[in-house]
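**Student:** The opening residue of the sequence shown carries number 5 in this note's numbering; numbering runs sequentially from there.
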Amino acid sequence: MLKREITIRLSSSQSNARRELPVKKRQPFKGSVLTIAFLAILGLLGSVRAGAAAAASGNDPGQSTFEVHCATCHAPNGSGDSVVGKSMKIPDLRSPAVQSQPDAQLAAFIANGKGLMPGFKSSLSKDEIDALVRHVHQLAEKKAVSQ
Numbered sequence: 005m006l007k008r009e010i011t012i013r014l015s016s017s018q019s020n021a022r023r024e025l026p027v028k029k030r031q032p033f034k035g036s037v038l039t040i041a042f043l044a045i046l047g048l049l050g051s052v053r054a055g056a057a058a059a060a061s062g063n064d065p066g067q068s069t070f071e072v073h074c075a076t077c078h079a080p081n082g083s084g085d086s087v088v089g090k091s092m093k094i095p096d097l098r099s100p101a102v103q104s105q106p107d108a109q110l111a112a113f114i115a116n117g118k119g120l121m122p123g124f125k126s127s128l129s130k131d132e133i134d135a136l137v138r139h140v141h142q143l144a145e146k147k148a149v150s151q
């Protein structure tokens, strides 16, 4: 255990009494939680503007919802290749492991969350979640076309 030395002056008769106290270790998990919370708040604040822009652009509802709620972490193309996605090791939504999941399972992940991902059932309707599932499948199709 790490120790540090401190000097305590008690009185003139006990001049420099020394005592070792344990040094608190840094708690990396606590910092990670705060960082994730901060990034989530930033994403929500940015999503208000993105939501208005997406609504005005006439995109399909799944893409618009993805851009507002998911792209901050998952990247606009679903690769997870964003600053947040890389730091949290978010999987590629276009991968066979994700694409092979049944639609109901993907909808449950979106609604209830999974791992560090929060659930969206309180902020998205069932129709919006279903549109997101369709959009996730379209991301894989777009990846296949671009290769």
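Quick reminder that beta carbons are idealized off the backbone N, C-alpha and C, glycines included.
In the structure shown, what three-state DSSP assignment does Val52 receive?
**Tutor:** Taking the first residue of the sequence shown as position 1, residue 52 is located at position 48. In this prediction, Val52 scores a pLDDT of 48, lower than 50, which makes its location untrustworthy; the coordinate-derived value is nonetheless stated afterwards. Helix, per DSSP.
**Student:** Here's a check: name, in chain order, each residue in its chain whose Cβ is nearer than 8 angstroms to the Cβ of Ala135, leaving out the five neighbours to either side.
**Tutor:** Here residue 135 corresponds to residue number 131 of the sequence shown, with the count starting at 1. If we look at Ala135 and ignore the five residues flanking it on each side, its Cβ neighbours are Asp64, Pro65, Gly66, Thr69.
**Student:** Using only the alpha-carbon positions, how far apart do Ala79 and Gly89 sit?
**Tutor:** By one-based count along the sequence shown, residue 79 stands at place 75. By one-based count along the sequence shown, residue 89 stands at place 85. Going from the Cα of Ala79 to the Cα of Gly89 covers about 7 angstroms.
**Student:** Does DSSP classify Lys125 as helix, strand or coil?
**Tutor:** The residue labelled residue 125 in the question sits at position 121 within the sequence shown. Note: Lys125 maps to coil in three-state DSSP.
**Student:** Could you tell me which residues DSSP puts in a beta bridge with Lys118?
**Tutor:** Start at 1 with the first residue of the sequence shown, and residue 118 comes out as number 114. Met121, per the DSSP bridge assignment.
**Student:** Using the rule of at least 16 other Cβ atoms within 10 Å of the residue's Cβ for burial, across every protein chain shown, is Ala75 buried or exposed?
**Tutor:** Taking the first residue of the sequence shown as position 1, residue 75 is located at position 71. Its Cβ being crowded by 16 or more others within 10 Å, Ala75 is buried.
**Student:** Helix or strand or just coil, what does DSSP make of Lys146?
**Tutor:** Residue mapping note: residue 146 aligns to position 142 of the sequence shown, counting from 1. In this structure, Lys146 counts as helix in the three-state DSSP scheme.
**Student:** Which residues in the same chain have their Cβ closer than 6 angstroms to the Cβ of Asp107, if we skip the five residues on either side of it in sequence?
**Tutor:** Here residue 107 refers to the residue found at position 103 when the sequence shown is read from its first residue. Same-chain partners within the cutoff: Val137.
**Student:** Going by C-alpha to C-alpha distance, which of Cys77, Ile114, Asp96 sits closest to Lys130?
**Tutor:** The sequence position of residue 130 within the sequence shown is 126, counting from 1. Lys130 has its Cα closest to that of Ile114, out of Cys77, Ile114, Asp96.
**Student:** Return the CA-CA distance between Glu71 and Gln142, expressed in angstroms with no decimal places.
**Tutor:** Indexing the sequence shown from 1 puts residue 71 at position 67. Indexing the sequence shown from 1 puts residue 142 at position 138. The straight-line gap from Cα to Cα measures roughly 14 angstroms.
**Student:** Pick from Ala112, Pro100, Leu110, Glu132: whose alpha carbon is nearest that of Ala144?
**Tutor:** Taking the sequence shown and counting its residues from 1, the one referred to as residue 144 is at position 140. Per the Cα distances, Pro100.
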